[in-house]
Each structure stands twice: as structure tokens, then as C-alpha cells.
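Engineer: Numbering (full-length UniProt numbering), first residue to last: 1 to 1023. C-beta atoms are modelled at their ideal positions from N, C-alpha and C, and glycine is treated no differently.
1) From the DSSP output, in three-state form, read off residue 99 for me.
2) According to DSSP, is residue 416 helix, strand or coil?
3) Considering only the beta carbon of each residue, do residue 692 and residue 734 sit closer than 8 Å?
4) Looking only at DSSP bridge pairs, what is residue 248 linked to?
5) Considering Cα atoms alone, identify which of 382, 731, 721 and 791 is closest to residue 751.
6) Taking DSSP as the reference, what is the three-state secondary structure of residue 835?
7) Can you tell me which of 949, 23 and 991 puts its alpha carbon nearest to the alpha carbon of residue 471?
8) Just checking, does the stretch 152-165 make contact with the stretch 125-144 on the three C-beta pairs under 8 Å criterion?
9) Spatial neighbours of residue 267 within its chain, please: CB distance less than 7 Å, with the 5 preceding and 5 following residues excluded, ordered by chain position.
10) May I have a chain-ordered list of the alpha helix (DSSP H) segments no shorter than 4 residues that lie completely inside the stretch 619-668?
11) Distance, Cα to Cα, residue 973 vs residue 891?
12) Put residue 369 into one of helix, strand or coil per three-state DSSP.
13) Would you report the Cα separation of residue 4 and residue 474, rounded to the nearest angstrom?
14) Under the rule that 16 or more other beta-carbon atoms within 10 Å means buried, what is residue 978, buried or exposed?
15) Between the alpha carbons of residue 623 and residue 456, how many angstroms are there, rounded?
16) Extract the residue ranges of the beta strand (DSSP E) inside the stretch 116-188, only unbroken runs of 3 or more that lie entirely within it.
17) Do residue 17 and residue 40 have their C-beta atoms closer together than 8 Å?
18) Name the DSSP beta bridge partners of residue 966, please?
19) Quick check on DSSP: helix, strand or coil for residue 50?
20) In terms of DSSP beta bridges, what is residue 784 paired with?
21) Of all the alpha helix (DSSP H) runs that stay within the bounds of the stretch 674-717, which reach a length of 4 or more residues?
22) Do the stretch 703-713 and the stretch 635-652 meet, that is, are 3 or more Cβ pairs less than 8 Å apart?
23) Less than 6 Å between C-beta atoms, sequence neighbours within five positions excluded: which residues of the same chain meet that for residue 830?
24) Applying the 10 Å Cβ sphere with the 16-neighbour rule, what's the burial state of residue 38?
25) Residue 936 bridges to which residues according to DSSP?
26) Within 10 angstroms of its Cβ, does residue 524 collect 16 or more other Cβ (buried), or is it exposed?
27) Residue 546: which of 536, 539, 518 and 533 sits nearest, CA to CA?
28) Around the C-beta of residue 62, are 16 or more other C-beta atoms found within 10 angstroms, so that it is buried, or is it exposed?
29) Looking only at its chain, what residues have a beta carbon closer than 7 Å to the beta carbon of residue 573, apart from the 5 residues adjacent to it on each side?
30) Would residue 1034 be called buried (16 or more neighbouring beta carbons within 10 Å of its own) or exposed?
31) Whose C-beta lies closer than 7 Å to the C-beta of residue 819 among residues of the same chain, with five residues either side of it excluded?
32) Starting from residue 500, trace the alpha helix (DSSP H) both ways and give me its first and last residue.
33) Taking its Cβ as the centre, do 16 or more other Cβ atoms sit within 10 Å of residue 607, making it buried, or is it exposed?
34) So residue 857 and residue 837 are in contact, right, with Cβ under 8 Å, and what is the actual spacing, rounded?
35) Whose CA, out of 755, 703, 1010 and 728, lies closest to the CA of residue 656?
36) Starting from residue 224, follow the alpha helix (DSSP H) in both directions and report where the run begins and ends.
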């Protein structure tokens, strides 16, 4: 008897359920091994649609159920439940953090939409545990405290529990999350337990968010997958049932019922994997392995309402999105395809613009009502399908005679040009270089696309493209992913990658792959800043499912139907654990007021609260300052996002932050300064504790004095908000100076204005560091006080040496400065500058003018005499290496037609200029390389070289540089505090970064930013 050999793929979409029966043994035949295919309307109960599609395909082909080796299903049902915020499908979740003294000020769901947060985030418990980045313990797991938390959760009737430990993805020794789960199941056996390390990778808050979403959807996932399995059983099939994941690989049904979040974006991925299968015989061989396509391809999936575009890599899998993805407004970090959508589909409404008379397509669509509303079917709405059938009458769709009297023929050529332009623009946006690339058209609406596109080396419309999503499901493979922080002290990076690659292969085999079919699909390596001999390595292995395995049947065992969440739509769960998840905004809170301002008019009319020369911070101010701080970070300083969340919670809880002009300081004032020191990679995973405040308390207890004001060490990056946090009334209750010691971000605290001026004034006398004594604290019971040093550079070197044994990230309190010195040394009004930059970005977004956001930023920092837009393009190369604890590297940006705002139809073959930016944590200079190889340095430190995301105006840090990002580079002239003396140029300029052979040439003339206090003091606020 022949072994089962047929594979069935089904994709359950919101409009259609598509199916295919595939014989992979005949995939090289002209019919690609496709035995049968079917497209039908999705049913209210998805299992009925699956049953109908497979039944019809059996009748169509005469295939025998005994010959079916597997059924693989792709579905959007789970993500829809989250997006729709459906209480009937979402369970309340409790979170237990293994975190030691960290994260206590961070509620669960801190950055979620309030409505979704109230439905899901019900309780938070903190338990000792967690790891440092080097794998050592923060604390031992407190098992008794864990049992007490279980009893509290049980008493509140919460049955979904997430366990999330700091650095748990690298915990292979203590296995704290696993131990915690065992204790929870022993104490509360009725509960579902989700381990964060099984859901996502490094990135504490984002991993927690993903795990919470996963836990909330578990009961509904069991119910849905049970219905899928029931449909398969009713068809007489006894084969394994799989569900497709976001990355184009499969999960057994039982595993998908435990990790439904991994299926959230499987629809677009299935279409791309289907495109890879349908075009394999058309691609260059390049000795590729199974499942590979030989060269990158752009996949354009045209449906009834939208066109989804993604890049299919040579390994046959979609390019993944950046480090973070948003789902229903929730920031997560699990694997997700990088797909962009535009409002172009078969049902798109075609009309003429009332002002200019130009023909427009979409973004609105008649969708599933096309057979009622389109002209072809007797309706009154001109659609893209109407124009397409008029151009291609042999398609045989609808009644073409109805179009002849509709008066649309005159606009046919304009319609075709508009479709072509829309597709060329989105394809060019998604490309990673100006080179032409094959474009594959799939989806039911693919017929509206032309046969040639500028930027496409060829346009491929494969047979069966209408069911490419089902084909992708049928051909999906098994994966194993390892994300690990490894030591390179005694091994090379290549040896580490080889070792982790073997672990990924083993993991793929454990997940069900046949070992002989497994290959390495992706490898990424990131040296860690400030941490010697450590690299983060991510490896993905893929292979074909091993149908001979009997040990995997448990993961495909029938899933119990389970109980759906009992919460009715009338219930209010927001009271559960309110003390644990943080207070909600009231009708008078700044956050709700802010929502009414996010229009261009609201932004223009907003007035900050300045009274008696003191600026009282609001959430709107905080939002804008955060955006500005990251841009002023010039690629470094770390993301301010987590610090923004912390300060926002303080404001919502009633704290106040007041900002004062540096000229309001008295000469005898004592000005404190502090911030974070260490690797941004640590802060991504280890949430903040009280380390910065502890360092301040330790220092001032030693000095036996109290500060009277506080100033940020640097305005750029996360430290730009630390002065505001320290000054908050719940902490030190001090006014915060509108200024800092850098005017940007620099790699080391030696590069500060007190060093330029304070230590410079003492050079002829005995050497002494200006900001000593200083103190660092790790927030976990360790602090280090330095009372003497010859220079700030000496102190910096000593503290950096101590970092590794203190978790590689600490709070740092710099020695106080007298008010009279602060006024001489301060880079003034930089908080105001960050606010103005952030406001410009917010206005550009609100007005849908992000394309001109760079020019808006230039205007805010002094105009064309003080700043310039240096370059627009895409990142096409990134090199990184860690030396002496710092991330050195170089990013290459290539000019593109779309990036330059030029029509793609006229510039596709134009030679591209490049911009090269070396960095040492922060960007050092911007060098343009012309089409003929000529070189020109456009800007160099201490002037600011800022890289922003062209899609949203946000800053992009050096750790976030990745291939394919569309960016704009801005140069901003540095403060005269750096450029008016040779010592300032030596410390903050190219020599300070080791480029002794380069000279500083000013970008322009510095314009001092106007203080918010000076502009708005006494001005009535618009509420």
C-alpha cells in the first residue's frame, strides 16, 4: 500500500476560503502537482467552510482521503479577535514577573490601548528571580512568594497566567520560567500557563505583551482549532492537522492551540510562500536548496480591497519586519512579515477628483458586494474590475455590454496608468536597492495589474495564483529558531554561529522536521555594546515535516473544545488588580485631552503650561520631547521609549515635573546630574528599577548636602528624559534645567561641556575631574562611589571596567555643579529644542505630510543656515563590531527614485549616489559618494548627523539600522559651546572619535533654540 502523499492547504480569510490538494512528488510537472483547487466564500463557522472546500476538491479530483498525508490551515481568526477587542473571545490574564527589584513601576499593558488593557490585563505579581545579561542570577526564584501569588490569582478567578523572567530566553541553566510554571500547575492546576520564552525573544516588555495576548486568546484558540479538527474528522481524514505560522512554517494543531499568536499574520505569509512554490521553475537555480527561490522577488498580492506587498528572500521566506511590530496598538517582538498595503483591489472604487478632475482609485472598495454594486453586474459603482474587463474582455467576467453605456471607456488609459503608478510606487518603497527585481502577482485581483512595471526585471503572473495562499499553506515547512547571547571570549563569532546553528537544527528536528532536509535559512549576529566578548546570535533552521515520526502525535492530538471566556459584554473587568496595573486616565487627564489635539489645528493651538517662569510638563509635552530626544541622539543614547512610559505613569498618578530656564538658577544653586550608563541591549531586556535614584541618594548622602536643581547629562536618547524623571515630585521634587551638558548624545561622559570648560580651566594647575565625586548603582544592592580622579576620562574608564560585574547597565550620579558654573557651561534650551522637533514630527503626521518632516525639523532648529537635509535613500549595508565596549560600525544608504521624490517612471535606471555614515554608538560623519566615485563629507561631529525613518519621522538608532529601511538624513549645526574653542572641537569633534586625520568643517551657523518658557510664559492655554 502506498504511503499517504497528498497535502491539503486551506487558507481561511475574511472574505474567501481557498483550498488546494497538492502532490509534492509532481511539483516539477507542468501542473505543479496541483490535483485540485477551490475558492469559496468564508462561512460564519470557519469549520463549515473548511469542510465544504475540501469536500468539493475531493469531488472535483476523485482523490482518496487515505492518500492525504496532512492538512495545513492558515487563519486570521485569532488576530481578528484581538483587533476587534471581542470580550467574548478574550480571557483575562494575570502576569507573574520573575524580576527581583526591577520593573515594579511598570504596570502590565502600560502602552496598550486602554480598552484592550481593561479587557485583558487583570493582575500583576512580582517575584524574586531573573538573570543578568551574562547569565548570572539577579535573584534566586522565590518559590513561596510564587505560591502566594497563585492563591491571589485563583481567588480572583483568573485562569490564564503568563510567566515572564528577565533574560529568560537565554536561561538554559536555572530554567526559572519552567520551574515557576511547574509550581503554578501544582498550586493551580485549572490554570493555563504561558512561558514568555516560548512566545518571543529578547525584549522584555514586548515579549510580555506578546505572551499576554497569547494567553488571552488560548480558550478561543482551543475552541477554533477543535472545530478545524472536527471538520477534518467529518471528512474521514486521519492525517495530522497543522496551522501555519507568521514566518511561513507550520505548527501541529496542538502546538498552535498553545501558541496561537504565532499564526496572527499567516495569511500574507502563505501568499508569499505560495508565490515561491509557483515560481521555483522560473528562477535561477544557483544550486539552491529545497524551498529556495534563488533570488529575491517582490510578491504583490492583489485582493478585493487591498494590495499587500512583501519581499520574498532567496531562501524562500518573507523578509521579517523590524524588531518591533504593533498588533491592535500593542507593541510586540515576535516574528512578523514585513508587508505594506495600499488601497488597490478588484473592488476599489474608481472616481474623478472633484477639484482637479484626476482619476483616482480607492482606497474605498465595494469588497464582497462587488456582484451587487459593480457596473459589470448591473450596479452603479465603477470599480477597478469594471475597467479591467473593459480592457480585457476575454476574462469573461460579468456583462461587458453594461460597460459600453457607462461612459468609462474615455478613462481607460488613465486608469491603467494610475494602477501602474500605484504598483510601481509601493514596489519601489519595498525594494532594498535600485536594481530591478522580479515581481510576482498573486491573488484574485492580479488581473488588474499590467504585464510590465518599471523597477521589475520581469512581471510573473503564475497559473493558480488566485489560490497562492492555500498553496503556501500546503507547502509550509518546519522551523527551529534560537536567539542566544553567547560569549566570544574563547571562540570566534563563526564558531559560535556554527554551534548555535546546530542547536537550531536540533530544535527544528524536535519540532518535527526530518533531519536530512533541514538547512539554515537565516543568521544574524550583533556584538553587544559596553560588554566585552558577547554577541547576540539569532539562527533559523527549516526543514520538511517527517511524516514517519510517531512521537509527535501528542502535539497533534485532538484539542479539547474548551470554554470560551465567560465575560459578558456588559461586565467591567477594569477593577481587577487596578492597584497592580496602574491607574487609568480620567476625563480630565492629559492623555485624554491629548487625543483631541492630534490634528494640525490642535497641535498649532496647543500651549504648554508655563506659569511664573516654570513649565509644568503635560503628557503632550512628554510625547514631543521623547520624539525630539531620540532624534537629537544622533543614532545613540538608547531609545527613550521605556523612560517615556515610566514618566507618563508618574504623571497619571499625580506627579508633577517643572522645567526652569538655566538663567533662573542662582549662583549658589547646587545642580545635580544623572542618567543611565551601559549597554542599550541590557535596557531592552532588563526593565528599569531605582538604580538612577539610588546613585543620587548614595552620592548626596556622602556629600552631606542636598541639590536644588537637576539637569540631564545628555539630551540625546533615553538620558534626555532622566533629568525629568529625577526631578519629578515623587522622586527628588526639583526643578529641571532646560538644558544639558552635550546638546546631543555622546558615547562617553568625558565628552561634556563641564569637561571642556571646567577641566580646561584647571589644566595649568593641578588636574582634577570636574564632576567628581560620582556614584554608580545597579539597583540590586551594589553601588560604587569614586571620590577622586584626575579627569573625567579617568573616572569614565574605571566605571566602564566595573560595568560588566554590575549587570552591564547602571544608574550614574555625576558630581554637582554650582549654579554660576552651570550657566556658563550649559547647552541651553535643549529640552525646548526636543519639544519643538517632536511637535514638528507630530504636525507632519497629523497633516499627512511625513514626506516633508525633515524640512519641518530643519525649520525648527534654525532653518537652512543652521541645518540641512543631507540625503534620502534606503539602507543597503550595515557593518558592526564592538571595540572597548562601544558599537563601532558603518551604515551605507543608497539614493532611490522614490526616496528622492522623483517619479519612478523616469529614473529607474539612474545611477545611485550613496551616503556612508561611520558610527561609534553615535553617528560620526556623513560622507556622500557620487555616481562617479567622488567623495564629500557633508557633516561631521560635533555637528549632529541624525537618521530618521522616512515612513513616520521617528529617529532610528544605530542598533536599529537594518537593510532596506527607507530613511532621511539631517545635519544640524552644533552649539557654540562645542565649536567656539579648540578644546571643544578636540573633545567633541572627529579627534574625540579617533579620526585624527579629519578636520571639523561647520555645517552652518548655530542658532540658539528659543526656550518654551520665554515664548509661553503668561500666555493663556487652549484646553
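Structural biologist: Let me spell this out:
1) The answer is coil: DSSP assigns residue 99 none of H, G, I, E or B.
2) In the structure shown, residue 416 sits in a helix (DSSP, three-state: H, G or I).
3) Not closer than 8 Å, so no.
4) Looking at the DSSP assignment, residue 248 forms no beta bridge with any residue, so it has no partner.
5) Residue 791 holds the alpha-carbon nearest to the alpha-carbon of residue 751 among 382, 731, 721 and 791.
6) In this structure, DSSP gives residue 835 a helical state, which the three-state scheme calls helix.
7) With respect to the C-alpha of residue 471, the residue from 949, 23 and 991 having the closest C-alpha is 23.
8) Per the Cβ contact rule, the stretch 152-165 is in contact with the stretch 125-144 (3 or more Cβ pairs under 8 Å).
9) Here the set comprises 11, 13, 74, 76 and 469.
10) Within the stretch 619-668, the complete alpha helix (DSSP H) runs of at least 4 residues are 619-632 and 641-652.
11) Residue 973 and residue 891 have their C-alpha atoms spaced approximately 21 Å apart.
12) Correct three-state label for residue 369: helix.
13) When rounded, the distance between both Cα atoms is 14 Å.
14) Residue 978 comes out buried.
15) Their backbone Cα atoms lie some 41 Å apart in a straight line.
16) The stretch 116-188 is shown to contain whole beta strand (DSSP E) runs of 3 or more residues at 121-127 and 160-165, in chain order.
17) With respect to the 8 Å criterion, residue 17 and residue 40 are classified as neighbours on the basis of their beta carbons.
18) Per DSSP, the beta bridge partners of residue 966 are 874.
19) Three-state result, residue 50: helix.
20) DSSP lists 776 as the beta-bridge partner residues of residue 784.
21) Restricting attention to alpha helix (DSSP H) runs no shorter than 4 residues, the stretch 674-717 encloses them at 680-685 and 691-703, ordered along the chain.
22) No, the stretch 703-713 is not in contact with the stretch 635-652.
23) Only 715, 739, 740 and 743 meet the Cβ criterion.
24) It counts as buried.
25) BP columns for residue 936 point to 928.
26) The residue is exposed, with fewer than 16 neighbouring Cβ atoms inside 10 Å.
27) Its Cα nearest to that of residue 546, the residue 518 stands out among 536, 539, 518 and 533.
28) Per the 10 Å Cβ criterion, exposed.
29) Note that residue 573 scores a pLDDT of 34, beneath 50, so its modelled location is shaky; the value from the coordinates is reported in the next line. If we look at residue 573 and ignore the five residues flanking it on each side, its Cβ neighbours are 92, 118, 119, 122 and 567.
30) Residue 1034 lies beyond the stretch modelled for the chain, which goes from 1 to 1023, so this question has no answer here.
31) Same-chain partners within the cutoff: 665, 666, 667, 668, 669 and 671.
32) Run containing residue 500: 493-510, per the alpha helix (DSSP H) assignment.
33) With fewer than 16 other Cβ atoms from the protein chains shown falling within 10 Å of its own Cβ, residue 607 counts as exposed.
34) Separation of the CB atoms of residue 857 and residue 837 is rounded to 6 Å, and the pair is thereby assigned contact status at 8 Å.
35) Closest by C-alpha distance to residue 656, out of 755, 703, 1010 and 728, is 728.
36) Start and end: 204-234.
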